[in-house]
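K.L.:
Residue numbers 1 to 772, in the UniProt record's numbering, belong to the letters of the sequence shown in order.
C-beta atoms are modelled at their ideal positions from N, C-alpha and C, and glycine is treated no differently.
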Amino acid sequence: MKYYATILGTHTHDVHPSVILHLDSGRYLFNCGEGTQRIAVETSMKLSRIRNVLLTRTSWDCIGGLPGMLLTLADQDVTGINIHGPPMLRQFMKGIQYFTYRPNLRITLDETRDAQETVKDENVTIVSVLIRPTLKDAAASWNGDTPMEPADQDEESRQKRHAGVISTCYVCTGPVQPGKFNPAAAQKLGIKPGPKFGMEPAAFVFFLRRGRIFMYPGLGLLTKGESVEANDGTLIHPHQCVGPETPGAVFFILDCPSELYISSLINAPYLQQFKNVKTSPVTCIIHILGDGVLENVQYREWIRSFGNQTQHIIMSEKHNPQTVIFRAVGRIQQQLNYIDKEIFPVQYTNDASIVDLQKDLKLPKNSCLAKPLLTIQFAPTFKLDESACRGPLDIEPPAVTLQPHLAKVYRDRNALVDSLPHENEDDAVQIIPLGTGSALPSKYRNVSSTFVQLPTGNIFLDGGEGTYGQLFRAFGQQTADVMRNLKIIFISHMHADHHLGVFMLIARWNEYTKKEPSRKLYLVGPVAFESWMSSYSQCEDIGWDRIVFIRSDALAWDRHTPERFRASVQQMQASVNLTSFQTVKVDHCPDAYAVVFTEGEENKIVFSGDCRPCDDLVTVGQGAAILIHEATLENDMYLDALDKKHSTTGEALDVAKRMLASRVLLTHFSQRYPKLPVLTPAVTKKAPRTSPSPDRSRSTSPSAPGKAKRQRSRSNSSDGDVVPPIVGIAFDLMRVTKRNFALLPSLTPALASLFLEEDGVENDRDSIVSKK
């Protein structure tokens with residue numbers, strides 16, 4: 001029986017460590033961090049066969065992809081799944097019920113205990129081993145300067161208080177391999193080829209020898225350990241013609257988050273039996289390691305104690321290369337870069353390892369760094385298979401850049417570039433879409449997130465799963481500085497594709513700013529998110545005490561801010577030099593809001609979130625410098641948009657026109673348009689040689705809705721006098737400013753041709769650029 005494990009994520013910032021074990025009885029997923037589902041989609045690995053998910057910790061890097069995966073499994077009509085993990089698993093699952101509950105998916109929870117047989121079926125036995133830091137260090141890691149508990153505190157109370165820092169490791173034993181049948185021995189014992197006993201076909205095994213097929217009746221019984229009669233009536237026993245069984249491979253999946261856990265791990269009672277490498281050999285150990293663990297002398301000595309017969313596979317954020325994981329979007333990003341290097345920068349990547357495990361760390365020769373899609377085959381023979389692993393991206397310039405019909409497009413674009421001013425104050429505000437798709441991650445578009453860089457601080461507008469990984473690909477080694485300058489996160493509503501990446505953002509912000517305890521992060525969102533966040537903060541220390549939560553409705557444009565939020569709102573606005581920050585209730589789901597904020601005097605930015613076209617948003621957003629509006633569906637799908645409370649492309653453009661917005665960036669496209677949405681002439685129309693005045697935002701004060709309504713009415717009645725907004729199509733990781741926004745329409749023909757080329761479509765460009 002062949003069985004194997006596949007490494008999905010290693011320790012890159014966009015896919016956290018995860019391993020999937022493939023057996024006849026199904027698939028077993030170890031950890032499900034952010035990005036797990038997306039890498040499975042890209043590699044066509046079906047997660048619907050997973051029946052057991054085994055989590056090592058309840059921290060977000062281990063569990064952050066689980067809510068999204070559960071939603072996907074429910075949509076795929078999976079009826080049941082078992083989830084195993086350390087204490088606090090139930091607390092986590094209780095918190096996500098609000099936005100993940102699906103009645104058709106039955107979830108069985110199992111909070112693991114030490115040395116417990118967590119999974120035992122016909123093919124595999126998995127035993128959980130719980131490790132923890134020493135009590136003193138656990139208290140410190142749980143809440144910064146938290147003092148130690150009283151000496152007389154009982155053990156049960158201590159374990160409950162520190163359950164969130166427990167790590168569960170898993171010892172797996174694969175299926176026993178049946179002995180090998182010996183045809184020569186069988187013939188000597190009188191078992192002749194041929195259907196003599198009238199057994200069912202399943203009881204026959206066929207051998208090809210010298211061009212002839214021999215059929216051995218009863219072999220199925222012999223290999224199952226049963227005796228059969230030979231032709232002369234002699235009873236033949238399995239040991240006479242079947243070799244001995246091979247014990248199932250033993251392999252570990254260990255999660256050692258820091259040096260504080262090392263003592264607990266190497267002294268774990270259940271693991272002591274494997275000290276004897278002759279009687280209890282370990283085939284493979286997969287190490288998921290935190291900072292400092294691999295450099296620890298005691299840990300390296302423990303690794304060496306298993307001898308050279310054990311394969312060690314290392315996952316460590318510090319040591320594993322930060323190679324591009326999502327190849328499809330990486331390839332597209334490089335091709336877009338050939339079209340415009342400023343708007344479409346390439347993803348950050350680092351394919352080099354900083355350490356030689358054998359030379360620098362003296363690890364056994366059978367030690368290697370994990371690679372995404374590395375296959376570990378346990379039976380019938382053990383081997384590592386790197387054939388599916390990805391090397392560095394090396395993309396040639398796409399042929400689209402050389403196509404003759406685009407020569408004029410590039411001439412016009414270059415002329416427009418020459419007419420634009422050089423870098424100036426219009427570059428002070430930068431919009432970086434990090435996720436431009438809806439519902440679930442795809443090969444080419446991540447789920448919703450937009451990053452806004454202001455001169456005095458940074459703002460996230462929504463944060464779907466994988467947002468931090470996208471940010472890392474955008475900024476690389478500058479990511480820590482960018483996160484330290486994060487001031488506000490706005491969550492438009494409680495649909496999972498808009499907020500499942502927020503906890504990783506908060507956790508990273510907390511990590512990067514720990515030495516600055518006075519720093520605050522302002523979180524604006526639905527009331528339900530505060531409840532969920534408070535619940536999850538019991539599972540992991542994410543700096544909850546430094547998060548200032550402000551309810552979306554407390555900032556509603558048409559009412560006064562409640563007294564208890566006023567000081568926080570003033571401090572939030574001052575942190576990034578905002579003159580206003582207002583929310584607008586929109587028609588989508590309960591407690592869904594758009595946001596309008598103004599930086600300085602001229603930079604009014606409007607973000608719609610998910611919604612139907614909203615007159616109030618038109619009112620409050622009058623004269624916006626940049627409108628970021630969802631355009632989930634094409635115009636022909638108006639009824640679907642109405643039913644699902646989304647907007648079509650045409651509706652989003654109408655909102656921009658009535659708002660007198662200077663620029664509109666369309667985003668949140670249905671995944672039915674994986675690369676480029678269906679475009680209308682309004683989208684592909686060239687921008688004026690001189691971009692609209694950046695002073696439109698001065699025309700209406702946010703506090704003067706009456707005047708805004710009069711302007712909106714005037715724009716409706718005299719459409720011919722209204723300068724249409726410049727229209728841009730959002731792509732993941734693009735960078736736009738008020739200055740370079742004017743280039744976006746001129747790039748559309750090249751983009752359409754690029755994606756046609758990518759899909760292997762020739763000639764008819766009208767299949768993408770609609771004539772409607």
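#1: Quick one: grab the DSSP three-state call for THR450.
#2: Under a Cβ-count criterion, where at least 16 other Cβ atoms within 10 Å of its own Cβ denotes burial, should ALA387 be classed as buried or exposed?
#3: What's the call for LEU665, buried or exposed, on a 16-neighbour Cβ count within 10 Å?
#4: Mind reading off the beta-carbon distance from HIS498 to SER448? Whole number of angstroms is fine, and I expect it under 8 Å.
#5: Hey, is the region 629 to 637 in contact with the region 497 to 514, meaning 3+ C-beta pairs nearer than 8 Å?
#6: Grab me the residues of GLY435's own chain with a C-beta within less than 6 Å of its C-beta, minus the 5 sequence neighbours each way, in chain order.
#7: Classify ASN104 as helix, strand or coil using the three-state DSSP reduction.
#8: Is the beta carbon of HIS287 closer than 8 Å to that of ILE262?
#9: Identify the residues that DSSP records as bridge partners of ASN603: which are they?
#10: What residue range does the alpha helix (DSSP H) around TYR299 cover?
#11: Pull up the distance between the alpha-carbon of TRP302 and that of SER264, whole angstroms please.
#12: Rounding to the nearest angstrom, what Cα-Cα distance links SER518 and ARG546 in this structure?
#13: Taking the DSSP output, what are the residues bridged to PHE181?
#14: Excluding five sequence neighbours on each side, which residues of the same chain lie with their C-beta closer than 8 Å to the C-beta of VAL19?
#15: Under a three-way DSSP split, which group does GLN273 fall into?
#16: For the alpha helix (DSSP H) holding LEU639, just list the boundary residues, first then last.
#17: Are the Cβ atoms of GLY248 and THR173 separated by less than 8 Å?
#18: Could you pull out every residue in the same chain whose Cβ sits closer than 7 Å to the Cβ of ASN276, ignoring the five residues on either side in sequence?
#19: Quick one: Cα of GLY391 to Cα of ASP255, how far?
#20: So the candidates are ILE605, GLN91, PHE475; which of them puts its Cα closest to the Cα of THR579?
#21: Going by CA-CA distance only, name the one from PRO590, PHE581, HIS588, CYS589 that's closest to THR598.
#22: What number of angstroms, rounded off, separates the C-alpha of ASP340 from the C-alpha of HIS11?
#23: Within the same chain, show all residues whose beta-carbon is closer than 6 Å to that of LEU373, passing over the 5 residues directly before and after it, in chain order.
#24: Just the Cα atoms here: how many angstroms apart are ALA480 and ALA474?
#25: Please report the straight-line C-alpha distance between PHE326 and VAL41, rounded to a whole angstrom.
#26: Take LYS515 as the anchor and find which of ARG484, PHE274, PHE503 has the nearest alpha-carbon.
#27: GLY650 and THR680: beta carbons closer than 8 Å?
#28: Could you give the uninterrupted runs of the alpha helix (DSSP H) lying entirely in the region 344 to 393, keeping only those of 4 residues or more?
#29: Could you tell me the distance, in whole angstroms, from the CA atom of SER59 to the CA atom of LEU89?
#30: With a CB to CB cut of under 6 Å and the five nearest residues on each side skipped, what residues in its chain are close to LEU289?
#31: Quick one: grab the DSSP three-state call for VAL569.
#32: Quick check on the DSSP output: the beta strand (DSSP E) that includes MET494 runs from which residue to which?
#33: Tell me whether ALA594 sits in a helix, a strand or coil according to DSSP, three-state version.
#34: Helix, strand or coil for CYS614, going by three-state DSSP, please let me know.
#35: Near GLY190, what residues of its chain come up, given a Cβ to Cβ distance below 8 Å and the 5 sequence neighbours on each side ignored?
#36: Between the Cα of LEU363 and those of ASP14, PHE306, TYR338, LYS383, spot the shortest distance and give me the residue it belongs to.
P.N.:
Short version:
#1: Per DSSP, reduced to three states, the secondary structure at THR450 is strand.
#2: For the sequence presented, residue 387 should be read as Ser rather than Ala. Exposed, by the Cβ-count rule.
#3: Burial call: buried.
#4: That pair is a contact at about 5 Å.
#5: No, they do not touch.
#6: Hits under 6 Å: ASN446, VAL447, SER448, SER449, GLY464.
#7: The answer is coil: DSSP assigns ASN104 none of H, G, I, E or B.
#8: Taking 8 Å as the Cβ cut-off, ILE262 and HIS287 do not qualify as a contacting pair.
#9: Here ASN603 is bridged, per DSSP, to GLU599.
#10: Taken as a continuous stretch (DSSP letters only), the alpha helix (DSSP H) holding TYR299 covers 297 to 304.
#11: A straight line joining the alpha-carbon of TRP302 with that of SER264 spans about 12 Å.
#12: Put simply, the backbone Cα of SER518 is about 8 Å away from that of ARG546.
#13: Answer by DSSP bridge pairing, in chain order: VAL242.
#14: The beta carbon of VAL19 lies closer than 8 Å to those of ALA5, THR6, ILE7, LEU8, LEU29, PHE30, ASN31, ILE253, ILE286 in the same chain, with the five residues before and after it left out.
#15: GLN273: helix per DSSP, three-state reduction.
#16: 638 to 644 is the extent of the alpha helix (DSSP H) around LEU639.
#17: The answer is yes: Cβ separation under 8 Å.
#18: None.
#19: ASP255 has its alpha-carbon roughly 26 Å from the corresponding atom of GLY391.
#20: Across the set ILE605, GLN91, PHE475, the C-alpha of ILE605 shows the shortest separation from the C-alpha of THR579.
#21: Taking only the C-alpha atoms, the option nearest THR598 is PHE581.
#22: If I take the Cα positions, the gap works out to 31 Å.
#23: Listed in chain order, the non-local C-beta contacts of LEU373 below 6 Å within the same chain comprise ALA388, CYS389, local neighbours out to five positions each way being set aside.
#24: Taking the straight line from one Cα to the other gives about 12 Å.
#25: So the two alpha carbons sit approximately 10 Å from each other.
#26: Closest option to LYS515, Cα to Cα, is ARG484.
#27: GLY650 is a Cβ neighbour of THR680, given a cutoff of 8 Å.
#28: Counting only unbroken stretches of 4 or more residues, the alpha helix (DSSP H) elements lying wholly within the region 344 to 393 are 357 to 361, in sequence order.
#29: Approximately 10 Å between the Cα atoms of the pair.
#30: CYS256, SER316, listed in sequence order.
#31: In the structure shown, VAL569 adopts helical secondary structure according to DSSP, grouped into three states.
#32: Neither: MET494 is in no beta strand (DSSP E) and is coded neither H nor E.
#33: DSSP places ALA594 in strand when its eight states are reduced to three.
#34: CYS614 falls in the coil class under three-state DSSP.
#35: These residues qualify, in order along the chain: ALA230, ASN231, ASP232, THR234, ILE236.
#36: Answer by Cα proximity: PHE306.
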